[in-house]
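Colleague:
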Amino acid sequence: MSPRPPARRGACPAFLAPMETGDGLILRLVPAEGAISPDQLRGLARAATAFGNSMMEITARGSLQVRGLTAETVAPLQDAVLALGITPRLGLAIDISPLSGLDPREVADARPLAGRIREGAAGLAGKLGPKVSVVIDGGGAISLGGQKADVRLVALRSGADVMWSVTIGGGAPELLTELEATALALDALSRIAALGRRARATDLPGCDAAQGDHDKPPAPLGTFPLADGRFACGIGLPFGAGAAELFTALADAAEAAGASDLRPATERVLLATGLDAEGAPAFAVEARRLGCLVAPHDPRAYVAACPGAPACVCAHFPARDLAPMVAEALAPLLDGTVTVHLSACAKGCAHPAPATLTFVGMDEGIALVHEGAPSGARGPVIAVDTLAARLATLALTPRAPGETGRGLLARMQEAGLPAGLWLREGNDRPMMKT
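Numbering (this note's numbering), first residue to last: 14 to 447.
(1) Can you tell me whether Asp289 is buried or exposed? The criterion is at least 16 other CB atoms within 10 Å of its CB, across all chains shown.
(2) Under 6 Å Cβ to Cβ from Ala121, same chain only, skipping five residues before and after it: list those, please.
(3) From Leu40, Glu70, Thr62, pick the residue whose C-alpha is nearest to that of Pro320; which is it?
(4) Among Gly292, Glu341, Gly219, Val164, which has the Cα closest to the Cα of Gly235?
(5) What is the DSSP secondary structure of Gly271, counted as helix, strand or coil?
(6) What residues are listed by DSSP as bridge partners for Thr352?
(7) In the DSSP assignment, find the unbroken alpha helix (DSSP H) run with Ile130 in it and report its ends.
(8) Is the CB-CB distance between Ala332 and Ala408 below 8 Å?
(9) Under the three-state reduction of DSSP, which class applies to Asp398: helix, strand or coil?
(10) How do the region 249-269 and the region 30-46 stand: do at least 3 beta-carbon pairs fall below 8 Å, yes or no?
(11) Please tell me whether Val394 and Gly418 are closer than 8 Å, where the distance is taken between their beta carbons.
(12) Within the continuous beta strand (DSSP E) that includes Val145, where are the two ends?
(13) On the three-pair Cβ rule with 8 Å, is the region 184-194 touching the region 111-118?
(14) Per DSSP, which one or two residues make a beta bridge with Glu187?
(15) Which residues share a DSSP beta bridge with Asp174?
(16) Taking buried to mean at least 16 other C-beta atoms within 10 Å of its own C-beta, is His310 buried or exposed?
(17) Contact defined as beta carbons within less than 8 Å: I believe Ala278 pairs with Pro111. What is the distance between those atoms, to the nearest angstrom?
(18) Need the endpoints of the alpha helix (DSSP H) that Asp108 sits in, please.
(19) Classify Glu291 as helix, strand or coil using the three-state DSSP reduction.
(20) Across which residues does DSSP place Glu70 in a beta bridge pair?
(21) Taking the C-alpha atoms as reference points, what is the distance between Thr399 and Leu335?
(22) What's the call for Val94, buried or exposed, on a 16-neighbour Cβ count within 10 Å?
(23) Could you give the residue range of the beta strand (DSSP E) that holds Leu42?
(24) Nearest-angstrom Cα distance between Gly159 and Pro230?
(25) Below 6 Å CB to CB, which residues in the same chain sit around Ser156 once its five sequence neighbours on both sides are set aside?
(26) Taking just the CA atoms, how far does Lys140 sit from Arg403?
(27) What separation, rounded to the nearest whole angstrom, lies between the Cα atoms of Ala127 and Leu97?
(28) Hey, could you find the ends of the alpha helix (DSSP H) Ala58 is sitting in?
(29) The alpha helix (DSSP H) spanning Glu384 covers which residue range?
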């Protein structure tokens, strides 16, 4: 293999085509079966240290990433992955719940449908762009509603039968049998491929509306019962990243707790599965000690941050370094209704969907976008070194009885305080009546 970085910005840092950024090349790994053993994770951490800069990530879509590679170390890392017995997913991205087939709450096991679509789309290899994706949501405990998709299939009960709601791009959903859903999905993928590698489902006639839920689903943190009577325990990486030593420690903790495997999950979560009633809390306790997120109410669960400067050549500020201070400052508002995105440039890599508050790096400082995408950033701008203090003041704004954090921000906007003016100079609280 001799991978080369994609020439176009925004391309995915896939296993065979790592992407260039400020700290070197990024390689993305999605285990084909969705799971790896604790020993395989330890081996991957060793390889990340030997061939990269030791920084590893779990993305919002549940992929593993290794950072800091060079053109000379990409192939040795790929070889190390294969030597560990990890089979990478190649080709079309088809995302399913990491607990598919194990979840007693799911309407349908998404794996057979995923296999049929993957097999049927094999002939489109090289014709679909790297960002074209299929999401198959079996309706279980872990929602995939926040993930953008060119083709989205959601299992629904219809009496004793299972039907699939199929949405192409932003078009209207159709309720179909599994065979009909497979045919429609493959037809849509064929039509996208016919438009070229830059095409997405929204380029198809009648599919030009926005696709994907606005609200971020809760991170799958905590304990989940499995169909065999055992448990899965989800823990979150702080803002999706950590040094190789952290991943090694988590592999050790999972093995000590009796986990059968580890599964990267949506919203930057790592699931340990096959745990017994004592092993699940034991793994959570050790993960908390290591600084990980173990409960959905952790303010850090509502803040997405790209690596920022100096890791990314496009970045205007160190987003991930600033993220802990932002989470702490905004904690009173982060009640589950507010999502925050620290985007060090206007690309918005860490949170493609609109967030409640998006802070965007610009030449002059940080701009604030309320309920919108990073690309909509305009002035006024805030100095990087004053952001956390201003957010702490904003978070102390009095709320009406029963008012959510998101409701407060919407009320401020309706009162005629544009988003950039919420963060006033000095320590005065924003002037709002309740």
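Idealized CB from N, CA, C, for every residue including glycine. This structure is a prediction, so every number in the text was calculated from the model and none was measured.
Modeller: On the basis of the coordinates in this document:
(1) As a working mapping, residue 289 is identified with position 276 in the sequence shown. Exposed, since its Cβ has fewer than 16 Cβ neighbours within 10 Å.
(2) Residue mapping note: residue 121 aligns to position 108 of the sequence shown, counting from 1. Taken in chain order, the residues that qualify are Gly151, Ala168, Val175.
(3) Position 307 of the sequence shown, counted from the start, is the residue given in the question as residue 320. Comparing Cα-Cα distances from Pro320 to each of Leu40, Glu70, Thr62, the minimum goes to Glu70.
(4) Mapped onto the sequence shown, residue 235 falls at position 222. When each option's Cα is compared against that of Gly235, the closest is Gly292.
(5) As a position in the sequence shown, residue 271 is number 258, starting the count at 1. Looking at Gly271 - three-state DSSP - the assignment turns out to be coil, as it is neither helix nor strand.
(6) One-based indexing of the sequence shown puts residue 352 at position 339. Answer is none; Thr352 lacks a bridge partner.
(7) Locating residue 130 in the sequence shown gives position 117, where the first residue counts as 1. 124-133 is the extent of the alpha helix (DSSP H) around Ile130.
(8) Position 319 of the sequence shown, counting from 1, holds the residue named residue 332. Position 395 of the sequence shown, counting from 1, holds the residue named residue 408. For Ala332 and Ala408, no; Cβs fall outside 8 Å.
(9) The residue labelled residue 398 in the question sits at position 385 within the sequence shown. In the structure shown, Asp398 sits in a helix (DSSP, three-state: H, G or I).
(10) Segment contact: the region 249-269 against the region 30-46, fewer than three CB-CB distances shorter than 8 Å; contact not assigned.
(11) Locating residue 394 in the sequence shown gives position 381, counting from the first residue. Locating residue 418 in the sequence shown gives position 405, counting from the first residue. Result no, Cβ atoms of Val394 and Gly418 do not sit closer than 8 Å.
(12) Here residue 145 is taken as the residue at index 132 of the sequence shown, counted from 1. Where Val145 is concerned, there is no enclosing beta strand (DSSP E), given that its DSSP letter is neither H nor E.
(13) Not touching, per the Cβ criterion.
(14) In the sequence shown, the residue the question calls residue 187 occupies position 174. Answer is Val179, bridged to Glu187.
(15) What you label residue 174 is simply residue 161 of the sequence shown in a count that begins at 1. Bridge partners of Asp174: Ser171.
(16) For the purposes of this step, residue 310 is taken as the residue at position 297 of the sequence shown. Per the 10 Å Cβ criterion, exposed.
(17) Indexing the sequence shown from 1 puts residue 278 at position 265. Indexing the sequence shown from 1 puts residue 111 at position 98. The Cβ separation is near 5 Å, so the contact holds.
(18) In the sequence shown, counting from the first residue as 1, residue 108 sits at position 95. Taken as a continuous stretch (DSSP letters only), Asp108 belongs to no alpha helix (DSSP H), being part of the beta strand (DSSP E) at 106-108.
(19) For this step, residue 291 is matched to residue 278 along the sequence shown. Correct three-state label for Glu291: coil.
(20) Position 57 of the sequence shown, counted from the start, is the residue given in the question as residue 70. Partner(s): Gln78, Ala254.
(21) Locating residue 399 in the sequence shown gives position 386, counting from the first residue. Locating residue 335 in the sequence shown gives position 322, counting from the first residue. Roughly 11 Å between the two C-alpha positions.
(22) Position 81 of the sequence shown holds residue 94. Buried, by the Cβ-count rule.
(23) What you label residue 42 is simply residue 29 of the sequence shown in a count that begins at 1. Leu42 -> beta strand (DSSP E) spans 37-42.
(24) As a working mapping, residue 159 is identified with position 146 in the sequence shown. As a working mapping, residue 230 is identified with position 217 in the sequence shown. Going from the Cα of Gly159 to the Cα of Pro230 covers about 6 Å.
(25) On the sequence shown, residue 156 is found 143 positions in, with the first residue counted as 1. Only Pro230 meet the Cβ criterion.
(26) Here residue 403 refers to the residue found at position 390 of the sequence shown. Here residue 140 refers to the residue found at position 127 of the sequence shown. Answer to the nearest angstrom: the Cα atoms are 48 Å apart.
(27) The sequence position of residue 127 within the sequence shown is 114, counting from 1. The sequence position of residue 97 within the sequence shown is 84, counting from 1. The alpha-carbon atoms of Ala127 and Leu97 are separated by roughly 25 Å.
(28) Reading the sequence shown from its first residue, position 45 is the one you call residue 58. Looking at the DSSP string, the run of the alpha helix (DSSP H) that includes Ala58 is 51-64.
(29) Position 371 of the sequence shown, counted from the first residue, corresponds to residue 384. Judged by DSSP secondary structure, Glu384 falls outside any alpha helix (DSSP H) and instead within the beta strand (DSSP E) spanning 378-385.
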